[in-house]
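There are 2 protein chains.
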Amino acid sequence: MNLIELPTPCLVLDRTILARNLLVMANTLKRLNVPLRPHMKTAKSIDVARMALEGQPGGITVSTLAEAEYFAGHGIHDILYAVGITPQKLEQVAKLNAAGADIIVITDDLDTADAIAAQPNPPRALIEIDSGEERGGLTPDDDRLTDIARRLGRSLTGIMTHAGHSYAGRGVAQMERIAEQERNAMNQAAGRLRQHGHRIEIVSAGSSPTARHAENLSGITEMRAGVYMFGDLFQSEIETHGADDIAVTVLTSVIGRRNGRILVDAGGLALSKDRSTQDAPVDFGFGLALDLGGRRGYGNAIVRKAYQEHGVIEIDPAYPIDLPVGGKLRIAPNHVCMTAAAHDRYFVTEGGLEVTAIWHRINGW
Amino acid sequence: MNLIELPTPCLVLDRTILARNLLVMANTLKRLNVPLRPHMKTAKSIDVARMALEGQPGGITVSTLAEAEYFAGHGIHDILYAVGITPQKLEQVAKLNAAGADIIVITDDLDTADAIAAQPNPPRALIEIDSGEERGGLTPDDDRLTDIARRLGRSLTGIMTHAGHSYAGRGVAQMERIAEQERNAMNQAAGRLRQHGHRIEIVSAGSSPTARHAENLSGITEMRAGVYMFGDLFQSEIETHGADDIAVTVLTSVIGRRNGRILVDAGGLALSKDRSTQDAPVDFGFGLALDLGGRRGYGNAIVRKAYQEHGVIEIDPAYPIDLPVGGKLRIAPNHVCMTAAAHDRYFVTEGGLEVTAIWHRINGW
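Right, here's the structure in full:
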């Protein structure tokens, strides 16, 4: 099967770029002597997980319990569910753990810590630390930190943070500073807890930018990262990877032509309405048009509008797009985690036009 | 089953509001003596289609061939696929039509018209007219109009337009003017084609705002509309319906609390990254928080940030949200077509907390 034969819109995954991105991250963290607990929220695929786990201890991170169930069903048991747990979800976790999984939960809440400890077979738990993102978690000096640790009792296995504020960073030097801030917050929190006699085995940090650019990870026992596997326009702009390291694109067909624009069948659903590049150096609208081979043959041809099933590409006058209705091209996504989530499978290539595999995704909740 | 027991995030569909919205639209068009060809791109559900078709001729509109296949499989055969057809998709249409469907295709392209006419059993075809949206279609005075009609030959069944520029309109008076512009464009195009001896049976127009507010639809043989069934914050702001007419909401759980904000488990995937209210009178961020009963008990508590699986609700100081971690609330969507597409089912209520049915959706392509 060839890309040209595929029904559109659909997701194309270039395995050669994926493998390269995985190797870069693995080597980066190897130098710092920290293993990776890959975050499967982006790929949501067992095939990608197996590649990402090569040379790693074997644990993964997930963003939904649907992912947890899916990956446990495929034999991956050490799973960190990196979204604050609720009492109701503890019941779902207990069922999966009873069936053989070993799901680790996170919390930053006193009552939830009690609920975890009150389980008949409490799961391992990490306390969520806010290392600067100001989303979830306690700051390392928060009074509640030791209280939660005490309430968790023997469930307490460590701490975790997500340096998501790295997404507001720009350039390598800033990412290094944010990574160091993340590390310091974690070492401060771990130190306080250890002083109180708590066992802190796991000190889990990460985001793709900080994992990629940290200079020192001493004290951190594992890094979590997900979007680095595929890359996207936004991550390229903040220098998590290069412009040619985007492994996942949306294959689309031309469905209309007008002065200086083409209409394609990849709209807001197939691309997502994510506008993360809006505040980045280059605003890529809803994505950047690439030629069928996935190369930048159309200059700055940007998806300027995205209706539900229609995308409007503004042609770069220096790079005419000479495709008839039905002609195919590809679109690099702004934010691949959002774009991929509308699709239930990847059409895998080895960098060419031939489809060598179809890999499924576990979407939803 | 009660909403409080559901795993989150998930979609809640209030059947009483849905039924009311359907009735308002049916009555509106009945007065103008024009039948409805409901657009199933929003609901993507056979259960909703059956309700929307009550008292109507029985044809529907779809936005994907996956929808076409699904609805044909459920016995609805008269299906307008309202996205410009490509030669490759004509093959898929031919297969579905051979199996009993009667899919109508649309085009505004000369070569595609030839490809349609060259089919062994050509489907019915409509020429797409641009009535002001400037997305797809030919303007009524375009020279190619009669050429395409000639090429389509006996496939030609009529014309269609989508007055999507109504989404940029504000208020009833403007919508009336846009509806009249839509009607005039269609009558002009139909007139030209009929003068050339072409059979124009179907003159299909629509968008929820113009279907709702048209004063005169003389010459139009059917209206298409979809989002009116569920409603959303954006449609409420442009006065397609009232503020209490939003039938679909996202049920979510509190997963964290901070000064003046709560963190919920409905993020960019569960809500979509749509920001259509950004330019409307009130910017609802990524959605408006409602209480568990779906009522506006939390004032202007707006989802200000949407990460992949985390939403950040800014609490309205006049309406404290006193929910613990695990507490549930609902979020009214900006743009329900986008929000619903991340979910594979509806949990249906009759306005209360009891779940009376589960209805499935056909997502993807």
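In the order they appear, the protein sequences are chains W and Y.
FYI, in numbering that gives the first Met the number 0 the residues of the first sequence are 0 to 364.
FYI, in numbering that gives the first Met the number 0 the residues of the second sequence are 0 to 364.
Glycine included, each C-beta is placed from N, C-alpha and C at the ideal position.
Is there a Cβ from chain Y that is less than 9 Å from the Cβ of residue i?
| i | result |
| --- | --- |
| W/Leu31 | no |
| W/Gly230 | no |
| W/Trp364 | yes |
| W/Arg223 | no |
| W/Ala148 | no |
| W/Val281 | no |
| W/Leu268 | yes |
Near residue i, what residues of its chain come up, given a Cβ to Cβ distance below 8 Å and the 5 sequence neighbours on each side ignored?
| i | result |
| --- | --- |
| W/Arg182 | Ala204, Ala213, Asn215, Leu216, Ser217, Gly218 and Ile219 |
| W/Gly241 | Ser235 |
| W/Leu28 | Pro34, Leu35, Ala210, Leu216 and Met222 |
| Y/Ala184 | Ile128, Asp129, Ser130, Gly131, Thr138, Pro139 and Thr160 |
| Y/Asp108 | Gly83 and Ile147 |
Whose Cβ in chain Y lies nearer than 7 Å to the Cβ of residue i?
| i | result |
| --- | --- |
| W/Lys40 | Gln307 |
Looking only at its chain, what residues have a beta carbon closer than 6 Å to the beta carbon of residue i, apart from the 5 residues adjacent to it on each side?
| i | result |
| --- | --- |
| W/His334 | Asp231, Phe233, Asp273 and Ser275 |
| W/Met0 | Val354 |
| Y/Trp364 | Thr63 and Ala65 |
| W/Gly255 | Leu262 |
Determine the chain Y residues that contact residue i at a beta-carbon separation under 9 Å, and present them in chain order.
| i | result |
| --- | --- |
| W/Gly135 | Ile254, Gly255, Arg257, Leu262 and His309 |
Name the chain Y residues that come within less than 8 Å of residue i, Cβ to Cβ?
| i | result |
| --- | --- |
| W/Ala339 | Those within 8 Å of W/Ala339 in chain Y number zero; the least Cβ separation is about 10 Å. |
| W/Pro6 | Leu64, Gln87, Lys88, Gln91 and Trp364 |
| W/Thr111 | Val324 and Gly325 |
| W/Gly440 | Lying outside 0 to 364, the shown extent of chain W, residue 440 of chain W is not represented and no answer is given. |
Give the range of the beta strand (DSSP E) segment to which residue i is assigned.
| i | result |
| --- | --- |
| Y/Phe346 | Arg344 to Thr348 |
| W/His359 | Val354 to His359 |
| W/Arg256 | Val247 to Arg257 |
| W/Asp77 | Asp77 to Tyr80 |
| W/Glu60 | The question names Glu, yet the displayed sequence has Thr at residue 60 of chain W. Ile59 to Val61 is the extent of the beta strand (DSSP E) around W/Thr60. |
| Y/Ile45 | Segment Ile45 to Ala51 is the alpha helix (DSSP H) holding Y/Ile45; no beta strand (DSSP E) there. |
| Y/Leu89 | Where Y/Leu89 is concerned, there is no enclosing beta strand (DSSP E), although the alpha helix (DSSP H) it sits in stretches over Pro86 to Ala97. |
| Y/Ala124 | Ala124 to Ile128 |
| Y/Ser203 | Ile201 to Ala204 |
| W/Leu262 | Arg260 to Val263 |
| W/Ile103 | Asp101 to Thr106 |
| Y/Ala288 | Leu287 to Leu289 |
Hey, quick one: how far does the alpha helix (DSSP H) through residue i stretch, first residue to last?
| i | result |
| --- | --- |
| Y/Arg191 | Val171 to Gln194 |
| Y/Tyr166 | Where Y/Tyr166 is concerned, there is no enclosing alpha helix (DSSP H), given that its DSSP letter is neither H nor E. |
| Y/Leu22 | Arg14 to Arg30 |
| W/Leu328 | First-last for W/Leu328: Lys327 to Ala331, but that is the beta strand (DSSP E), not the alpha helix (DSSP H). |
| W/Thr209 | Ser207 to His212 |
| Y/Glu308 | First-last for Y/Glu308: undefined, no H or E at that position. |
Assuming residue i contacts residue j (C-beta within less than 8 Å), just tell me the rounded distance between them.
| i | j | result |
| --- | --- | --- |
| Y/Ala114 | Y/Leu89 | 6 Å |
| Y/Ile261 | Y/Val253 | 5 Å |
| W/Gly310 | W/Val302 | 5 Å |
| Y/Val263 | W/Thr85 | Between W/Thr85 and Y/Val263 the Cβ distance is about 10 Å, and since that is not below 8 Å, they are no contact. |
| W/Leu393 | W/Ala246 | Residue 393 of chain W lies beyond the residue range present for chain W, which begins at 0 and ends at 364; the question has no answer from this structure. |
| W/Leu287 | W/Ile330 | 7 Å |
| W/Met24 | W/Ala224 | 6 Å |
Against residue i, what residues of chain W qualify as contacts under a CB-to-CB distance less than 9 Å, listed in chain order?
| i | result |
| --- | --- |
| Y/His342 | Gly363 and Trp364 |
For residue i, would you say it is in contact with chain W, using Cβ-to-Cβ distances shorter than 9 Å as the test?
| i | result |
| --- | --- |
| Y/Gln91 | yes |
| Y/Leu155 | no |
| Y/Asp108 | yes |
| Y/Val82 | yes |
Using the beta-carbon of each residue, which ones in chain W are nearer than 7 Å to residue i?
| i | result |
| --- | --- |
| Y/Ser271 | Lys272 |
Enumerate in chain order the residues of its own chain whose CB-to-CB distance from residue i is below 7 Å, with the five nearest sequence positions on each side excluded.
| i | result |
| --- | --- |
| Y/His359 | Ser44, Asp343 and Arg344 |
| Y/Ala112 | Thr106, Ile147, Arg150 and Leu151 |
| Y/Gly168 | Met174, Ile177, Pro208 and Ile237 |
| Y/Ala305 | Gly266, Gly267, Leu270, Lys272 and Phe285 |
| W/Ala317 | Gly298 |
| W/Gly170 | Glu238 |
| Y/Pro367 | With chain Y covering 0 to 364 only, the question about residue 367 of chain Y has no answer from this structure. |
Answer with yes or no whether the minimum CB distance from residue i to chain C is below 9 Å.
| i | result |
| --- | --- |
| Y/Gly170 | Looking at the structure shown, chain C is missing, and the protein chains on hand are W and Y. |
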